[in-house]
Amino acid sequence: MQAFHFDLCELPGETKGLRDDVRAFLAKELANVPAVTRAQTWSGSDPEFSRKMGAKGWIAMTWPKKYGGHERSAFDRYVVLEEMLAAGAPVGAHWIGDRQSGPLLMRFGTEEQRQKILPRVAKGECYFCIGMSEPDSGSDLAATRTRAEKVEGGYKVNGTKLWTSGAHTAHYMIGLFRTHLDPQNKHAGLTQFLVDMKTTDGVTVRPIKDLAGKSHFNEVVFQDAFVPDEMMVGTEGGGWNQVTAELAFERSGPERYLSSFILMVEMIRQLEKEGGSRGAREIGRLVAHLVTLRQMSLSVAGMLDKGENPALEASVVKDLGAIFEQDMPVRAHELLGLEPTVGAGSDYEQVLGYLTQTTPSFSLRGGTREILRGIIARGLGLR
Amino acid sequence: MNELQTILADSVNGLLSERVTRDLIQKAEDGVWPQALWNELEANGLTRVLAPEAQGGAGGTWADAAIVLKAAGRHVAPLPLAEAVLAHWLLAEAGIAAPDGVLTVMEGDFALAGGKLSGTAPRVPWGRHAAHGVALFGAEVVLAPLAGAAIGHDINVAREPRDAVTLKDVAVQSASVSLPKNALRLYGALIRACQMAGALDYLAEQTVAYANERTQFGKPIGKFQAIQQQLAVLATQAAAAGIAADHACASLNKGDATFEIAVAKIRADDASSIATSIAHQVHGAIGFTYEHGLHFATRRLWSWRAEFGAGTEWAESLGRETISRGADALWPYVTAR
Numbered sequence: 000m001q002a003f004h005f006d007l008c009e010l011p012g013e014t015k016g017l018r019d020d021v022r023a024f025l026a027k028e029l030a031n032v033p034a035v036t037r038a039q040t041w042s043g044s045d046p047e048f049s050r051k052m053g054a055k056g057w058i059a060m061t062w063p064k065k066y067g068g069h070e071r072s073a074f075d076r077y078v079v080l081e082e083m084l085a086a087g088a089p090v091g092a093h094w095i096g097d098r099q100s101g102p103l104l105m106r107f108g109t110e111e112q113r114q115k116i117l118p119r120v121a122k123g124e125c126y127f128c129i130g131m132s133e134p135d136s137g138s139d140l141a142a143t144r145t146r147a148e149k150v151e152g153g154y155k156v157n158g159t160k161l162w163t164s165g166a167h168t169a170h171y172m173i174g175l176f177r178t179h180l181d182p183q184n185k186h187a188g189l190t191q192f193l194v195d196m197k198t199t200d201g202v203t204v205r206p207i208k209d210l211a212g213k214s215h216f217n218e219v220v221f222q223d224a225f226v227p228d229e230m231m232v233g234t235e236g237g238g239w240n241q242v243t244a245e246l247a248f249e250r251s252g253p254e255r256y257l258s259s260f261i262l263m264v265e266m267i268r269q270l271e272k273e274g275g276s277r278g279a280r281e282i283g284r285l286v287a288h289l290v291t292l293r294q295m296s297l298s299v300a301g302m303l304d305k306g307e308n309p310a311l312e313a314s315v316v317k318d319l320g321a322i323f324e325q326d327m328p329v330r331a332h333e334l335l336g337l338e339p340t341v342g343a344g345s346d347y348e349q350v351l352g353y354l355t356q357t358t359p360s361f362s363l364r365g366g367t368r369e370i371l372r373g374i375i376a377r378g379l380g381l382r
Numbered sequence: 000m001n002e003l004q005t006i007l008a009d010s011v012n013g014l015l016s017e018r019v020t021r022d023l024i025q026k027a028e029d030g031v032w033p034q035a036l037w038n039e040l041e042a043n044g045l046t047r048v049l050a051p052e053a054q055g056g057a058g059g060t061w062a063d064a065a066i067v068l069k070a071a072g073r074h075v076a077p078l079p080l081a082e083a084v085l086a087h088w089l090l091a092e093a094g095i096a097a098p099d100g101v102l103t104v105m106e107g108d109f110a111l112a113g114g115k116l117s118g119t120a121p122r123v124p125w126g127r128h129a130a131h132g133v134a135l136f137g138a139e140v141v142l143a144p145l146a147g148a149a150i151g152h153d154i155n156v157a158r159e160p161r162d163a164v165t166l167k168d169v170a171v172q173s174a175s176v177s178l179p180k181n182a183l184r185l186y187g188a189l190i191r192a193c194q195m196a197g198a199l200d201y202l203a204e205q206t207v208a209y210a211n212e213r214t215q216f217g218k219p220i221g222k223f224q225a226i227q228q229q230l231a232v233l234a235t236q237a238a239a240a241g242i243a244a245d246h247a248c249a250s251l252n253k254g255d256a257t258f259e260i261a262v263a264k265i266r267a268d269d270a271s272s273i274a275t276s277i278a279h280q281v282h283g284a285i286g287f288t289y290e291h292g293l294h295f296a297t298r299r300l301w302s303w304r305a306e307f308g309a310g311t312e313w314a315e316s317l318g319r320e321t322i323s324r325g326a327d328a329l330w331p332y333v334t335a336r
């Protein structure tokens, strides 16, 4: 069978200096940031912070220099990412562009698109959102209905995208639209477009408040929005294959197991204060799972570095990672029994308040648990 | 895996899959010692994968050993192959020439005085069949002949011999060597974690194969999403246990691996509890029979997860160390390992 290949991957020794630099930077930048803010990690958006990272050369690290990149290794990039996440840095503004939209444009975009956009992404000045889900198209992405109809010089777009994270701050959306309808083959006829979110008429962004009262995601309504021909990404009708490749990037990073890490740290701090050995077993178990997930995540990074396609392995890590992240508030509750709080309370109580409310989304965003397990089952030869 | 490791993997898996038949396992469970298989493993150098070439070994690394140990678990080889690999390594580290014949490890309470060993090890794997046992006394690696030992027979739930071995003033060879605290429990946990990873791989493959064969409601049960989702979980748990074991072995090549071995045993323990449950559920009633071979793997996992320290025991020590290092030390510690 051998459906999965998780080969051990050791970070090269020369990444150590970079790690030290990142830590020194973060120690200064995050010195006065409260734990509950840091708990947002890659959901937290701070353009000023993104620009500072761009200036450090920590965005677009693996991209060619001609597109503003730094031609560093996938491992250098991995070290920066995991340090940012573990510290709870507000990396959300540039995260999607760095992780998937930039690489997508490099693979499928036109030279003009790359020249125009990528250097700004690398500077931490240009942000992306992903227009995939719709009111009637969530896990069933091929049910996409938003139409892009051919008109003189471009396309006229009508429809609604939903749960679009960061649409209110993004400069561009990579939208998946239907350019052709074949009822027999719904995977055909999908096309990706760049949409200028700041200047396109007929695009309305409405914030959606989540259960915690925050507005990270949005409804984006297109009403006769004109998207010029030169904003098409890749080939007309090639959207499904392009999106599948993009999702491998979306699912492959360390953010898929480190989103609750700040709570783990605060749990240990609580127990440290108690001074006894209560909770040792629970913490030991969490550490074992953390370390194993990190090895699996590094293995995926190694595959990316070798130019292999880790789509299946990334699904495995994301599924196991979400279980681990979602387990964290449960363990915290069982162990310490303190009430989660909002706005007041200790660091621990506030972080617990934030993550107790937020963790349900971790097995929804970027592919639900059931979809991921379906992908894994296909890898096992069951489908 | 490098090229030599691929050859090693093919050779050990080929040998074990051919020789460890259902008949051989069943006879072993009835108390018949598979001497011919043992001879073959020794002749192929598999028990000495970690011993230096000067001592008739393969001069392998722990990454090489992991291949043999996982194979031992995957094929549920009913003899102390894993224990012998560890025993040979300890002897080599101590510079003691390894004897021929069946070799095992003895974790117990021993006293060494004037070159004579006394004491008891309560659950020695295949103690009754072993010619020699390797024990630790403080920093001393001890090689003891078991010819005159008092052996109390017992078995684990996988019906593998776990015998009480009592020695009284037995003349032994010993040499001191630098090892971590409770080294036999530690390295015992490592060999079990590797065997468990192998057995979990088998469990995943066997259960997927069964789901593709067994038809209900007019189609293979593996076509039902409810089953597919369970099998996905089983396979991911096996993958996690596998890389945790590999990580521990790789770390031991580089130096102290106490932390990584604890991680591997905890992860294998957790994976086993989830995976055995799913494997049995998917197999239905047939998997609950002695006739079907699934239990050869699941019963071993139920025993092995508790041997050389259950996950809980290792989690306790890992957790204590983590808490005492302090919250802010966790990430730097994990990334520096």
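Chains as they are written, first to last, in numbering that gives the first Met the number 0: chain L, 0 to 382; chain B, 0 to 336.
The beta-carbon is built from N, C-alpha and C at its ideal position, and this holds for glycine as well.
Note that the region 156-166 of chain L touches the region 210-217 of chain L; at least 3 beta-carbon pairs, one per stretch, sit closer than 8 Å. In the displayed model, Q222 of chain L falls within a strand according to three-state DSSP. In this structure A59 of chain L is not in contact with D6 of chain L, their Cβ atoms being roughly 27 Å apart against a cut-off of 8 Å. Chain-order list of chain L residues neighbouring L202 of chain B: empty, with the shortest C-beta distance near 12 Å, by a criterion of under 8 Å. In this structure, the alpha-carbon of L335 of chain L lies about 23 Å from that of V290 of chain L. By alpha-carbon distance to W61 of chain B, the top candidate from B:E41, B:I190 and B:E39 is B:I190. For the region 12-59 of chain L, the continuous alpha helix (DSSP H) assignments of 4+ residues that do not extend past its boundaries occur at 14-28, 34-37 and 46-55, in sequence order. When the Cα atoms are used, P182 of chain L and D139 of chain L turn out to be separated by approximately 15 Å.
Counting only residues of its own chain and dropping the five nearest sequence neighbours on each side, G252 of chain L has a CB closer than 7 Å to the CB of L80 and R98. Where C128 of chain L is concerned, the enclosing beta strand (DSSP E) starts and stops at F127 to G130.
A residue is called buried once 16 or more other Cβ atoms fall within 10 Å of its Cβ, and Q294 of chain L is buried on that count. Taking C-beta atoms under 8 Å as the contact rule, A210 of chain B and L381 of chain L qualify, at a distance of about 7 Å.
In the three-state DSSP reduction, F260 of chain L falls in the helix class (H, G or I). Distance check between Y66 of chain L and each of L:V35, L:P102 and L:Y77 places L:P102 closest, using alpha-carbon atoms only. Segment contact: the region 266-279 of chain B against the region 292-307 of chain B, three or more CB-CB distances shorter than 8 Å; contact assigned. For E13 of chain L, no Cβ of chain B is located within less than 9 Å of the residue's own Cβ.
Residues of the region 328-349 of chain L with a C-beta less than 7 Å from any C-beta of chain B: none at all. Of all alpha-carbon atoms in B:G132, B:W88, B:G151 and B:E139, the one lying nearest the alpha-carbon of L111 of chain B is that of B:E139.
Taking the Cα positions, L246 of chain L is about 14 Å away from W94 of chain L. A check of alpha carbon separations from L311 of chain L across B:T288, B:P331, B:A284 and B:A238 identifies B:A238 as the nearest.
By the Cβ rule, the region 71-80 of chain B counts as touching the region 32-43 of chain B, because three or more pairs are nearer than 8 Å. Shown here for S258 of chain L: same chain residues with a beta carbon closer than 7 Å to its own, the five before and five after excluded, namely T40, E324 and F361 in chain order. Listed along the chain, the chain L residues whose CB falls inside 7 Å of the CB of H131 of chain B amount to none; the nearest CB is some 33 Å away. Between A27 of chain B and Q54 of chain B a beta carbon distance of about 29 Å is seen, past the 8 Å cut, so the two are scored as non-contacting. The Cβ of W330 of chain B sits closer than 9 Å to at least one Cβ of chain L. When only Cα atoms are considered, G344 of chain L and A120 of chain B end up about 53 Å apart.
Between the region 182-191 of chain L and the region 232-244 of chain L there are three or more C-beta pairs closer than 8 Å, enough to call the two in contact.
Along the region 238-250 of chain B, the positions whose C-beta sits under 7 Å from a C-beta of chain L are A238, A239, G241, I242, A243, D245, H246 and A249, read in chain order. Collapsing the DSSP output to three states places I190 of chain B in a helix. The region 325-333 of chain L and the region 350-359 of chain L touch, with no fewer than 3 CB-CB distances between them shorter than 8 Å. In the structure shown, the three-state DSSP call for F323 of chain L is helix. Residue pairing by DSSP puts N217 of chain L in a beta bridge opposite L:P206.
Sequence-distant partners of A157 of chain B (beyond 5 residues in either direction) whose C-beta falls short of 7 Å from its own C-beta, in its chain, are R298, R299 and S302. Under the Cβ distance rule, R37 of chain L does not count among the residues neighbouring chain B, no pair being separated by less than 9 Å. Distance from R266 of chain B to A287 of chain L at the Cβ level is roughly 5 Å; contact confirmed, criterion being Cβ atoms closer than 8 Å.
At a cut-off of 9 Å between beta-carbon atoms, T257 of chain B makes no contact with chain L.
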